[in-house]
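Notes follow the structure.
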Amino acid sequence: MTDGLHAITVTINGEARPLRVAPSRTLLDVLRTELGLTGTKKGCDVGDCGACTVLLDGTPVNACLVLAVEADGAAVTTIEGIAPAAGQLHPLQQSFMDLGASQCGFCTPGIIVMAKALLDRHPDPSEEDIRFGLAGNICRCTGYTKIIEAVKDAARRLAAAPPPAGR
Amino acid sequence: MTSVIGRSVTRWDTLGKVTGSAVYAGDVALPGLLHGKIKRSTVAHARIRAIDASRALALPGVRAVLTHADVPRVLHYGSPHPRSASVTKDQYILDTTVRYHGEGVAAVAADSEEIAEAALELITVDYEPLPALLTVADALAPGAPAIHAVGPGGNLVLDPVVVTRGDVAAGFAAADLIVEGTYTLGRPVPAYMEPNVCVCQWDALGKLTIWTSTQSPFMVRGTLAEVLGLPLTKVRVLVDHMGGGFGAKQDLFQHEFLCALLAQRTGRPVRMEFSRKETFLGGRTRHSGSIRLKQGFRRDGTITAREAEIVFDSGAYGSHGPGVTAVATASLTSLYRCDNVHLVGRCVYTNTPIAGAFRGYGVVQSYYALDSQMDEAAEQLGLDPAALKLMNAVRDGDLAPSGHPIVGHGLEDCIRRGLEETGWAARRAAPKSHDTGRRRRGWGMGCEMHGSSAYPGIKEQGNAIVRMNEDGTVTLFTGTTGLGTGAHTALAQITAEELGVRFEDVAVVHGDTDVVPWDIGAFASHTTYMAGRACQMAAAQVKAKVLARAADRLEVAADDLDIRDGVVTVRGVPGLSLTVADAIAAERGIPAPQLVGEDSYRPTKSYSFAAHFVEVEVDTETGQIDVVQVVPVHEIGKVIHPVAAAGQIEGGIQQGIGHTLTEDFRVDPRDGRPLNASFVDYKMPLAMDMPPIRTIILETAPDEGGPFGAKGVGEDPIIAIGPAIANAVHDAIGVRFRHYPITPEQVLAALAEKGATPTPGAADQPDQTDQ
Numbered sequence: 007m008t009d010g011l012h013a014i015t016v017t018i019n020g021e022a023r024p025l026r027v028a029p030s031r032t033l034l035d036v037l038r039t040e041l042g043l044t045g046t047k048k049g050c051d052v053g054d055c056g057a058c059t060v061l062l063d064g065t066p067v068n069a070c071l072v073l074a075v076e077a078d079g080a081a082v083t084t085i086e087g088i089a090p091a092a093g094q095l096h097p098l099q100q101s102f103m104d105l106g107a108s109q110c111g112f113c114t115p116g117i118i119v120m121a122k123a124l125l126d127r128h129p130d131p132s133e134e135d136i137r138f139g140l141a142g143n144i145c146r147c148t149g150y151t152k153i154i155e156a157v158k159d160a161a162r163r164l165a166a167a168p169p170p171a172g173r
Numbered sequence: 021m022t023s024v025i026g027r028s029v030t031r032w033d034t035l036g037k038v039t040g041s042a043v044y045a046g047d048v049a050l051p052g053l054l055h056g057k058i059k060r061s062t063v064a065h066a067r068i069r070a071i072d073a074s075r076a077l078a079l080p081g082v083r084a085v086l087t088h089a090d091v092p093r094v095l096h097y098g099s100p101h102p103r104s105a106s107v108t109k110d111q112y113i114l115d116t117t118v119r120y121h122g123e124g125v126a127a128v129a130a131d132s133e134e135i136a137e138a139a140l141e142l143i144t145v146d147y148e149p150l151p152a153l154l155t156v157a158d159a160l161a162p163g164a165p166a167i168h169a170v171g172p173g174g175n176l177v178l179d180p181v182v183v184t185r186g187d188v189a190a191g192f193a194a195a196d197l198i199v200e201g202t203y204t205l206g207r208p209v210p211a212y213m214e215p216n217v218c219v220c221q222w223d224a225l226g227k228l229t230i231w232t233s234t235q236s237p238f239m240v241r242g243t244l245a246e247v248l249g250l251p252l253t254k255v256r257v258l259v260d261h262m263g264g265g266f267g268a269k270q271d272l273f274q275h276e277f278l279c280a281l282l283a284q285r286t287g288r289p290v291r292m293e294f295s296r297k298e299t300f301l302g303g304r305t306r307h308s309g310s311i312r313l314k315q316g317f318r319r320d321g322t323i324t325a326r327e328a329e330i331v332f333d334s335g336a337y338g339s340h341g342p343g344v345t346a347v348a349t350a351s352l353t354s355l356y357r358c359d360n361v362h363l364v365g366r367c368v369y370t371n372t373p374i375a376g377a378f379r380g381y382g383v384v385q386s387y388y389a390l391d392s393q394m395d396e397a398a399e400q401l402g403l404d405p406a407a408l409k410l411m412n413a414v415r416d417g418d419l420a421p422s423g424h425p426i427v428g429h430g431l432e433d434c435i436r437r438g439l440e441e442t443g444w445a446a447r448r449a450a451p452k453s454h455d456t457g458r459r460r461r462g463w464g465m466g467c468e469m470h471g472s473s474a475y476p477g478i479k480e481q482g483n484a485i486v487r488m489n490e491d492g493t494v495t496l497f498t499g500t501t502g503l504g505t506g507a508h509t510a511l512a513q514i515t516a517e518e519l520g521v522r523f524e525d526v527a528v529v530h531g532d533t534d535v536v537p538w539d540i541g542a543f544a545s546h547t548t549y550m551a552g553r554a555c556q557m558a559a560a561q562v563k564a565k566v567l568a569r570a571a572d573r574l575e576v577a578a579d580d581l582d583i584r585d586g587v588v589t590v591r592g593v594p595g596l597s598l599t600v601a602d603a604i605a606a607e608r609g610i611p612a613p614q615l616v617g618e619d620s621y622r623p624t625k626s627y628s629f630a631a632h633f634v635e636v637e638v639d640t641e642t643g644q645i646d647v648v649q650v651v652p653v654h655e656i657g658k659v660i661h662p663v664a665a666a667g668q669i670e671g672g673i674q675q676g677i678g679h680t681l682t683e684d685f686r687v688d689p690r691d692g693r694p695l696n697a698s699f700v701d702y703k704m705p706l707a708m709d710m711p712p713i714r715t716i717i718l719e720t721a722p723d724e725g726g727p728f729g730a731k732g733v734g735e736d737p738i739i740a741i742g743p744a745i746a747n748a749v750h751d752a753i754g755v756r757f758r759h760y761p762i763t764p765e766q767v768l769a770a771l772a773e774k775g776a777t778p779t780p781g782a783a784d785q786p787d788q789t790d791q
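Protein sequences, first through last, are from chains E and S. Letter 65 of the first sequence, counting from 1, is numbered 71 in my numbering, and no numbers are missing. Letter 764 of the second sequence, counting from 1, is numbered 784 in my numbering, and no numbers are missing.
In structure tokens:
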């Protein structure tokens, strides 16, 4: 690492990706710039808004608060990786579309990823659980009404037909 | 045919949003991309003696630095309605004077954002301090220095707006009761989720392409062309998806000019993105200020006179100050009928962040005062506030603020429906068991009306081009912007309905000023109303052409034909039909005809209405106000897409709750430094804070000016919620607040003054925050 870059390997949406990154580089910037995964959004870059939520070994994190080198050896799931297969949608994605839970859409990827983490832990969440689960995700368009409805709807869909294991 | 109007079809923009594939301006990647950053002033008012950028230019990886000496010195409209009365021409790209803390003074392009940021630190600016006028009172004080050389003087953005009808003196003389109060307005910010961002690239022929997050691409094109001295053919503006704007992204911001110039200087594409902090510093706020309002009433509740003095703080530049002041002032002629009004609106420059356009456009402020005072008057008259508002509600034929007659009884309908839905009479009559408890609940209601266009302040025009392809599918070209409202889906619904084809057979092309018809921008609640009508008109032209072709083929008169679900049918002749594709198909080697319709619609004015009913709970120990539930009733004419319309209402209520209870962008009263420029310190209502909202939409006063009778809904929902909350707080604890936001500290102070702190040992109410 004479160039000051660190060699790391991160499993991104199921695919092992060897990377060389500066130690100061955030996971968010690496996802968006080096990997072209621009679905993960930068709304504040300081951990206040939740737009950059991704799963790090299954746990939701603000990608702007994680250094890329910290993700070495870990599995990262972004909005691009939560659908069960290409051409299909995760029930959360379908419910967000069907119920109008996305307006400008800038918070949507982070909220869907956060909601997936919630449903992975609590398949049958109460409204309170959902609101608490999304407490760190700012949406300025919807008043959260349709987002809450969509998460409930997705929970029902998942209970009725659990999808195959995600990537 | 199953009508697609009124059906909540799946918005076609959401698939990209839920999968992460939707492209926003900040997602654009280009080879050789440089990163631009703005050096922002650390003083509120100063002349720049000198800027030394030599150390920045020497930093490896820095490709260009621009200061005021390097950019065209052209006075421009910071806002996108050139030559309208709504905006002011008072900005330079970079000036030799800074007028607020955070104003850009220089810009850097570098190989990375990190290098650009490091370079900013190496630029030194020598400021000659000028007196900072941080309040309206400072700016209006006799002898205060002028912040701008332009304008009418006295630090006014425009000459006072004066609206007079009838005889106010006679009206007050005839009053049995006079109520007067001064309402103080906080400084909320739009806080769109996507920070301002653009990417600029010049081609070999000297043409600029800019990807930018704007509500008004053609205004960006026009203003950039004007300032950079280019013909319109040399500026192309691209906007695919954008992460909210709420009015503020009508303006051009400094980075859009600077990014273009940095790309020109370096010969490479440049990207500039605001940090979240910069969206506060260099963004646009709602106008703060004050409103003194005085009304006379007869004993029966008739309003005899209304007098108001509005003073708005414009911040350092005019932006939409003239428009906001005019709209706010005129708004007080109406909502509640009054024949005698005298209203004066002023807008004042100060050395604070720039106030601009923000959802509600001055009416959030004016109706907070008006509706709160109606509540107060009802109390003094011994009337139910809902009854007082209902008896005075604007109705069919009344003169609207715009000077047009009101269509229909929308406001009365909203109030009556809300009264039924909430069981208002019983709730208001219920004994106040909470007079001694810790948590005290109350109900309040507020009303509003808002125009579905900016007329008469701006003479708008909606345009559309509709083209039928040779397979019978349809392409709609629209210059409107996809702000996140779902408007493009609504436009496709309107086009499909008018033309008689299936919704899924209509595709929308938007977001490229080289391709789509000119558009004034997505604002003023007018996209569905105005551009929608233009789509309908253009679609009707195409339909006529299709029917003429079909008439030849079917050998019947075109007047006997109609199109439903993509099939041409003959009235009275079941079984005789032709698909649209067959009707227009190539025949005998002759290509299918070019079937294009294009039309323009210049709207006048149409008003939508709402009454919001709110229950709050006030914790008398902490001062915390929780909104427990909201029942908004809106009348918006024919609803094109119910889910999208409800989404507008719910989101507007969220912002309105924030305005009323927590949101206030503060600057240090000593030096103008912003104090809470982050999402941690600027408090917005989030998932845990938002109450259940039971949205009710009425279609009782459709406007023939809109497509299928549709009216606007974008701005309405943020207006009535504020006074509804303030009135509910009064119902809960008997304290009348005449300002926003209403903070817990103020609640506690008011209760202490009233001697109304909880009685020790009184039975506590169970915690009923059932959200």
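Glycine included, each C-beta is placed from N, C-alpha and C at the ideal position.
- Nearest to S/P613 by C-alpha distance, out of S/S620, S/Y621 and S/D602, is S/D602.
- Taking CB atoms only, E/Q99 has a neighbour in chain S less than 8 Å away.
- Assignment of beta-bridge partners to S/V529 by DSSP yields S/F497.
- With a contact defined as Cβ atoms closer than 8 Å, S/P373 and S/T305 qualify at about 6 Å.
- Neighbours of E/M120 across chain S, judged by C-beta separation under 7 Å, do not exist; the nearest C-beta is about 10 Å away.
- Ranked by Cα distance from S/S597, the first of S/P611, S/L615 and S/R569 is S/R569.
- The alpha-carbon of S/R584 is positioned some 6 Å away from that of S/V521.
- In this chain, the beta strand (DSSP E) harbouring E/T65 covers T65 to N68.
- Taking the CA atoms as reference points, S/P689 sits about 38 Å from S/I540.
- For chain E, the residues of the region 694-714 of chain S that bring a beta carbon within less than 8 Å of one of its beta carbons are S698, F699, V700, M704, L706, A707, M708, M710, P712 and I713, in chain order.
- S/G430 and S/T229 have their alpha carbons spaced roughly 45 Å apart.
- Residues of the same chain with a CB within less than 7 Å of the CB of S/Y475, apart from the 5 flanking positions on each side, are S422, P623, T624 and K625 in chain order.
- Per DSSP, S/L154 lies in no alpha helix (DSSP H) segment and is marked neither H nor E.
- In chain order, D72 place their CB closer than 6 Å to the CB of S/T144, counting only its own chain and leaving out the 5 sequence neighbours on each side.
- Taking a contact as a CB-CB distance under 8 Å, the pair S/L410 and S/G309 does not count as one, their CB atoms being some 30 Å apart.
- In the same chain as S/W32, and ignoring 5 residues on each side of it, the C-beta atoms closer than 8 Å to its own belong to H508, T509, A512 and V528, in chain order.
- From the listed residues S/R296, S/H654, S/I762 and S/A707, the smallest Cα separation to S/G643 is found for S/I762.
- Comparing C-alpha distances from S/G56 to each of S/V63, S/G81 and S/A42 shows the shortest one belongs to S/G81.
- Counted as a single uninterrupted DSSP element, the stretch harbouring S/D395 is not any beta strand (DSSP E) but the alpha helix (DSSP H) occupying residues V383 to L401.
- Between the region 685-699 of chain S and the region 655-673 of chain S there are fewer than three inter-stretch CB-CB distances shorter than 8 Å, so the stretches are not counted as touching.
- Here the C-alpha atom of S/A49 lies approximately 39 Å from the C-alpha atom of S/L519.
- With contacts defined as CB atoms closer than 8 Å, S/S295 and S/P215 qualify as a contacting pair.
- Assignment of S/V587 by DSSP, reduced to helix, strand and coil, places it in the strand class.
- When the alpha-carbon of E/C55 is set against those of S/A211, S/I716, S/E641 and S/L282, the nearest one is in S/A211.
- Against S/G504, the close residues of chain E are Q109, C110, G111 and C147, in the order they occur along the chain (beta-carbon pairs closer than 7 Å).
- Apart from sequence neighbours up to five positions away, the residues of its chain that approach E/D78 with a beta-carbon distance below 6 Å are I14, ordered along the chain.
- In the displayed model, S/V486 falls within a strand according to three-state DSSP.
- Within the model, the alpha-carbon separation for S/Q385 versus S/S473 is close to 19 Å.
- When the Cα atoms are used, E/C147 and S/P652 turn out to be separated by approximately 16 Å.
- With contacts defined by Cβ atoms closer than 8 Å, S/V259 and S/G531 form a contacting pair.
- Using a CB distance cut-off of 8 Å, E/K158 does not count as an interface residue toward chain S.
- Only V43, Y44, G46, D47 and A49 from the region 43-62 of chain S bring a Cβ to less than 8 Å from some Cβ of chain E.
- Between S/I745 and S/V638, the CB-CB gap reaches or exceeds 8 Å.
- Interface annotation, E/V52: in contact with chain S, CB-CB separation under 8 Å.
- Against chain E, the CB of S/A664 has a partner CB under 8 Å away; the residue lies at that interface.
- A distance below 8 Å separates the beta carbons of E/G64 and E/D126.
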